[in-house]
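Taking the working numbering, the leading residue of the sequence shown gets 266, the next gets one more, and so forth. Everything below concerns the one structure shown next.
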Amino acid sequence: MIDEARLKILTEGAKYDVSCSSSGSGRKNEGGIGNGFAAGCCHSFTPDGRCISLLKILMSNDCVYNCKYCPNRCDLDIPRASATPEEIAELTLDFYKRNYIEGLFLSSAVEKSPNYTMERLVRTVKLLRNRYGFYGYIHLKGIPRADGELVREGAKYADRMSYNIELPSERSLKLLAPQKSKESLLLPMRTLFEERTAFRAEKRKERFLPAGQTTQMIVGASPEPDGQIVRLTQSLYRTMGLKRVYYSSYVPIVHDSLLPDLPAGQLREHRLYQADWLLRFYGFTAEEIAPENENLPLDLDPKCAWALRNPQFFPVEVNRAPLEALLRVPGVGGRSAQKIIEARKYTALTFEHLKKMRVVLKRARHFLTAGGKFYGAKDEREIRALLTAGERNDSARQLSLFSGAAYAALTGEL
Ligand code: SF4
266 MIDEARLKIL TEGAKYDVSC SSSGSGRKNE GGIGNGFAAG CCHSFTPDGR CISLLKILMS
326 NDCVYNCKYC PNRCDLDIPR ASATPEEIAE LTLDFYKRNY IEGLFLSSAV EKSPNYTMER
386 LVRTVKLLRN RYGFYGYIHL KGIPRADGEL VREGAKYADR MSYNIELPSE RSLKLLAPQK
446 SKESLLLPMR TLFEERTAFR AEKRKERFLP AGQTTQMIVG ASPEPDGQIV RLTQSLYRTM
506 GLKRVYYSSY VPIVHDSLLP DLPAGQLREH RLYQADWLLR FYGFTAEEIA PENENLPLDL
566 DPKCAWALRN PQFFPVEVNR APLEALLRVP GVGGRSAQKI IEARKYTALT FEHLKKMRVV
626 LKRARHFLTA GGKFYGAKDE REIRALLTAG ERNDSARQLS LFSGAAYAAL TGEL
């Protein structure tokens with residue numbers, strides 16, 4: 266039985282990882298306990314955007330690595346603790362039965378060696394599945410430099426795995442996380458991606474990461490601009506089939522002369538989530554969203570900023586424009602665009618119709634016409650001023666409702 270002191274250390278040490286958001290997986294209950302299927306494993310977030318509802322714990326915080334930004338790094342004099350696979354498995358079951366959690370997010374510092382640590386993580390998950398018949402959701406962290414065999418074994422039992430990129434360039438990794446490298450993170454990601462693709466193509470009965478992979482990047486600990494981060498994100502979605510990339514604003518938890526003294530603003534993180542949404546759902550490319558060596562504008566969301574840079578595409582006529590063009594109109598979301606396509610089969614759409622479809626007209630009116638009518642401002646400077654003012658009001662309202670920009674940062678939906 267794990268004691269309270271160790272439990273406190275191990276759960277405290279895990280809380281900075283935001284790559285654990287879960288939305289269920291294809292693991293059905295086949296006669297055991299729990300259920301990770303569909304919405305069976307729901308999740309919620311604390312006001313600062315961290316995921317709660319899973320038991321989120323480290324196997325150990327006793328790290329042999331020395332990542333400068335990490336409160337568990339080896340050169341810090343902090344209380345250290347480790348748990349055994351049996352202890353973690355029993356704790357998960359115990360919490361599950363008490364209805365405290367729906368699943369497990371299991372991570373670890375690199376204790377002794379990557380293989381030693383990965384072997385213990387995998388053993389925990391196997392215990393839960395094989396000995397206790399636990400079918401609940403499990404998110405397992407991958408340990409860089411562990412053997413491919415161990416990584417694959419873990420993926421057969423976990424729903425989701427993640428290798429955190431943390432820093433968006435090899436240069437910053439060398440400087441701030443010297444024991445890690447781009448290759449040590451991307452290689453296992455690729456292994457998992459290829460194996461998962463093969464399992465699915467062959468329609469194999471055994472499960473292999475049904476909920477896929479995610480990763481996390483720290484924003485603002487190193488100098489890479491948003492344009493570079495968005496390009497890396499795009500490449501991870503395209504080449505590794507990632508389900509999500511999470512962004513975590515840098516917070517100076519531990520001091521180091523190589524790191525900034527001040528936290529990175531949450532607004533920058535929020536803009537990256539919005540850019541991410543454009544990549545995944547609205548057909549934008551990273552190249553369209555931001556120049557490689559620039560940050561995203563803070564005063565406007567990236568879709569509005571793109572529309573202002575590309576006036577040649579506007580206004581679009583809602584009664585004729587294809588879905589792809591509608592999705593690029595600021596204020597028209599994915600669901601509204603679908604509704605427009607459906608509704609215009611039966612009637613000529615007006616601004617009244619658009620309002621009912623929840624199109625955000627205070628933004629959209631500058632970029633579209635309905636039946637030839639246009640109600641927006643024509644001058645780019647005026648549009649920018651109106652959009653920026655609207656953005657400020659929205660942020661203020663959001664802050665009062667959700668005590669932080671956390672709600673919108675959950676999705677980045679535009
Ligand atoms: S590997 Fe790096 S980030 Fe992970 S626990 Fe160790 S020091 Fe922290």
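All C-beta atoms in this analysis are idealised placements derived from N, C-alpha and C, irrespective of residue type, glycine included. Keep in mind that this is a model prediction, so the values were computed, not measured.
**OP:** Could you tell me which uninterrupted beta strand (DSSP E) segments, each at least 3 residues in length, are contained entirely in the segment 366-421, listed from first to last along the chain?
**Re:** Runs found: 368-372, 402-406.
Subject >> C-alpha gap between residue 455 and residue 502, whole angstroms >> reply: 12 Å
Original post:
Where does residue 646 sit, in a helix, a strand or coil, going by DSSP?
Top reply: helix
**OP:** Compute every distance between the C-beta of residue 569 and the non-hydrogen atoms of the ligand SF4, then say whether any falls below 7 Å.
**Re:** no
Subject >> Length of the line joining the Cα atoms of residue 580 and residue 553 >> reply: 18 Å
Original post:
Is it buried or exposed for residue 640, if we count other Cβ within 10 angstroms and need 16 for buried?
Top reply: Exposed is the label assigned to residue 640, since fewer than 16 other Cβ atoms lie within 10 Å of its Cβ.
Subject >> Residue environment, residue 404, which counts as buried when at least 16 other CB atoms sit within 10 Å >> reply: buried
Original post:
Looking at residue 381 and the ligand SF4, is the gap between the Cβ and the nearest heavy atom below 7 Å?
Top reply: no
**OP:** For residue 333, decide whether its Cβ has a neighbour in chain B, counting only Cβ atoms nearer than 8 Å.
**Re:** Given the protein chain composition of this structure (a single chain), no chain B is represented.
Original post:
Hey, out of 367, 401, 409, 514, whose CA is closest to residue 380's CA?
Top reply: 409
Original post:
Cβ of residue 422 within 7 Å of any heavy atom in the ligand SF4?
Top reply: Answer for residue 422: no, Cβ out of range of the ligand SF4.
**OP:** Excluding the 5 residues preceding and the 5 following residue 338 in the sequence, name in chain order all residues of the same chain whose CB lies nearer than 8 Å to its CB.
**Re:** If you ignore the 5 residues before and after residue 338, its C-beta comes within less than 8 Å of the C-beta of 328, 330, 331, 332, 519, all in its own chain and listed in chain order.
**OP:** Would you list the one or two residues that DSSP bridges to residue 581?
**Re:** For residue 581, which the question treats as bridged, DSSP gives the partners 633.
**OP:** Take residue 370 and list the residues in its own chain whose beta-carbon comes closer than 6 Å to its own, dropping the five residues that flank it on each side.
**Re:** 285, 319, 321, 404
Original post:
At a cut-off of 7 Å, is residue 484 close to the ligand SF4 when judged by its beta-carbon and the heavy atoms of the ligand?
Top reply: no
Original post:
Smallest Cα separation from residue 348: which of 457, 357, 525, 342?
Top reply: Of the listed residues, the one whose Cα sits closest to residue 348 is 357.
Original post:
Shortest alpha-carbon distance to residue 478 belongs to which of 521, 407, 445?
Top reply: 407
Original post:
What's the call for residue 556, buried or exposed, on a 16-neighbour Cβ count within 10 Å?
Top reply: exposed
Original post:
With 16 other CB atoms within 10 Å as the buried threshold, where does residue 485 fall?
Top reply: buried
Original post:
Comparing the CB of residue 410 with every heavy atom of the ligand SF4, is any distance shorter than 7 Å?
Top reply: no
Original post:
Apart from the five residues just before and just after residue 431, which ones in its own chain have a Cβ nearer than 6 Å to its Cβ?
Top reply: 483
Original post:
Helix, strand or coil for residue 509 per DSSP?
Top reply: strand
**OP:** Might you give, ordered along the chain, the residues of its own chain that have their beta carbon closer than 7 Å to the beta carbon of residue 649, omitting 5 neighbours on each side?
**Re:** Within the same chain, residue 649 has close Cβ partners 573.
Original post:
For residue 469, which three-state DSSP category applies?
Top reply: coil
Subject >> Buried versus exposed call for residue 563 [16 or more other C-beta atoms within 10 Å across all chains shown] >> reply: With a 10 Å radius around the Cβ and a threshold of 16 neighbouring Cβ atoms, residue 563 comes out exposed.
Subject >> Alpha-carbon to alpha-carbon, residue 499 and residue 550 >> reply: 8 Å
**OP:** Mind checking who residue 425 pairs with in its DSSP beta bridge?
**Re:** 404
Original post:
Within 7 Å: the Cβ of residue 338 and any heavy atom of the ligand SF4?
Top reply: yes
Original post:
Is DSSP giving residue 322 helix, strand or coil here?
Top reply: strand
**OP:** Note down the Cα distance separating residue 597 from residue 504, rounded to an integer number of angstroms.
**Re:** 29 Å
Original post:
Is the beta carbon of residue 481 sitting closer than 8 Å to the one on residue 359?
Top reply: It is not a contact, given that the beta carbons lie outside the stated cut-off.
**OP:** Starting from the C-beta of residue 354, find all residues in its chain whose C-beta is less than 7 Å away, skip the five residues before and the five after it, and write them out in chain order.
**Re:** Around residue 354, the same chain offers 389, 392, 393, 397 as residues with beta carbons nearer than 7 Å, after the five sequence neighbours per side are excluded.
Subject >> Contact test: residue 575 Cβ vs the ligand SF4 heavy atom, cutoff 7 Å >> reply: no
**OP:** Could you tell me which residues DSSP puts in a beta bridge with residue 478?
**Re:** 426
**OP:** Could you tell me if the beta carbon of residue 279 falls within a distance shorter than 7 Å of some heavy atom in the ligand SF4?
**Re:** no
Original post:
Which of the three DSSP states, helix, strand or coil, is assigned to residue 446?
Top reply: coil
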